[in-house]
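Novice:
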Amino acid sequence: MYEKLSRHNTVFDVHQINRERDGFEKSNEAFLDLARKAMVTDVFLTSVNGVSETGVMVNVDGTGNRVAGSLFGHKKVYFVLGVNKIMPTLEEAIYRARNVAAPKNVLRHGYKCGCSLQGGDRCYDCGAPDRICNVLAIYYKKMRNIEMEVILINEDLGY
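Residue numbers for the sequence shown follow our numbering, beginning at 25 and rising by one.
Right under this line is the structure:
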């Protein structure tokens, strides 16, 4: 999506940063710079880690940039998600966010924290600096004064 959108738009995507290539200090500085730039755009594109069949969405976040960006400041927020994130209940959507999505993302990024050190099978509620589940956001309804749209794709997408 980054390649297509960036052809005719300015796109700030923290996933374009390579921690192994650039080293931790340089990549962390680049991450913070891009995350701040993304906070003042007109359009914010993101996803969620889980959603209940009643439409309540759930996100976990380590730095807060993704959750913050989805809550305030943009004219339009798009949530793009696959059907694999739909769970029967809110409790199961929260469980999925913490015990499926977070450990898989930790392993994907190579972070060192409880779930990665224990094999990535679930959240261990650790206190590691690399922990990515520092906040849990529950979206019961859309925010006031922001146009929000959920795009549900009939495929398994992301974690």
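Backbone N, C-alpha and C fix where the C-beta goes; we use that ideal spot for every residue, glycine too.
(1) Determine the direct distance from the alpha carbon of Tyr183 to that of Asn129, and round the result to whole angstroms.
(2) By DSSP's criteria, Glu171 is part of a beta bridge. Which residues make up the other side?
(3) Going by beta carbon distance, what residues of the same chain come within less than 6 Å of Pro112, once the five residues before and after it are set aside?
(4) Ordered along the chain, which non-local residues of its own chain (more than five positions away) have a Cβ less than 6 Å from that of Tyr59?
(5) The alpha helix (DSSP H) that contains Asn83, what's its start and end?
(6) Where Val67 and Val101 are concerned, what is the direct C-alpha to C-alpha distance, given to the nearest angstrom?
(7) Mind listing, in chain order, the continuous alpha helix (DSSP H) runs of no fewer than 4 residues lying wholly within the stretch 131-162?
(8) Any C-beta of chain B sitting closer than 7 Å to the C-beta of Gln142?
(9) Considering only C-alpha positions, which residue in the set Ser140, Leu160, Thr70 and Ala117 is nearest to Pro153?
(10) Keeping to the same chain, check which residues put their C-beta closer than 6 Å to that of Cys150; ignore five residues upstream and five downstream.
(11) Using only alpha-carbon positions, find the residue among Asn73, Arg146 and Asp57 that is nearest to Ile162.
(12) Pick helix, strand or coil for Leu69, following the three-state DSSP scheme.
(13) Count the other C-beta atoms from every protein chain shown that fall within 10 angstroms of the C-beta of Val107, then say buried if there are 16 or more, exposed otherwise.
(14) Roughly how far, in whole angstroms, is the beta-carbon of Leu56 from the beta-carbon of Leu105, given that I think they are within contact range, below 8 Å?
(15) Skipping 5 residues on each side, what residues in its chain have a beta carbon closer than 7 Å to that of Gly93?
(16) For Gly74, report the span of its beta strand (DSSP E) as first-last.
Specialist: Reading it off the structure:
(1) Within the sequence shown, residue 129 is the residue found at index 105, counting from 1. Within the sequence shown, residue 183 is the residue found at index 159, counting from 1. Per the coordinates, the alpha-carbon of Asn129 lies some 7 Å from the alpha-carbon of Tyr183.
(2) Within the sequence shown, the letter at position 147 stands for residue 171. Residue pairing by DSSP puts Glu171 in a beta bridge opposite Lys100.
(3) In the sequence shown, counting from the first residue as 1, residue 112 sits at position 88. For Pro112, where only same-chain residues beyond five positions count, the Cβ hits under 6 Å are Glu77.
(4) For the purposes of this step, residue 59 is identified with residue 35 of the sequence shown, where counting begins at 1. Position check: residue 59 holds Ala in this sequence, whereas Tyr was assumed. The beta carbon of Ala59 sits closer than 6 Å to the beta carbons of Val38 and Asn89 from its chain, once the five residues preceding and following it are set aside; these are given in chain order.
(5) As a working note, residue 83 is residue 59 in the sequence shown. For Asn83, no alpha helix (DSSP H) encloses it; the enclosing beta strand (DSSP E) starts and ends at Met81 to Asp85.
(6) The sequence position of residue 67 within the sequence shown is 43, counting from 1. The sequence position of residue 101 within the sequence shown is 77, counting from 1. When rounded, the distance between both Cα atoms is 6 Å.
(7) Qualifying alpha helix (DSSP H) stretches, in chain order: 138-141.
(8) Checking the listed chains, one finds no chain B in this structure; it contains a single protein chain.
(9) Reading the sequence shown from its first residue, position 129 is the one you call residue 153. Selected option, being the one with the closest Cα: Ser140.
(10) Along the sequence shown, read from residue 1 onward, the residue named residue 150 stands at position 126. Excluding sequence neighbours, Cys150 sits near Cys137 and Gly138.
(11) Mapped onto the sequence shown, residue 162 falls at position 138. Measuring from the Cα of Ile162, the nearest candidate turns out to be Asn73.
(12) Looking up residue 69 in the sequence shown gives position 45. Leu69: strand per DSSP, three-state reduction.
(13) Here residue 107 is taken as the residue at index 83 of the sequence shown, counted from 1. Label assigned to Val107: exposed.
(14) Indexing the sequence shown from 1 puts residue 56 at position 32. Indexing the sequence shown from 1 puts residue 105 at position 81. Not quite, the Cβ-Cβ distance comes to about 26 Å (not below 8 Å), so this is no contact.
(15) Numbered from its first residue, the sequence shown carries residue 93 at position 69. Cβ-Cβ distances below 7 Å link Gly93 to Ala62, Met63, Phe68 and Thr70 in the same chain, with the five nearest sequence neighbours on each side left out; the list follows chain order.
(16) In the sequence shown, counting from the first residue as 1, residue 74 sits at position 50. Segment Gly74 to Ser76, the beta strand (DSSP E) holding Gly74.
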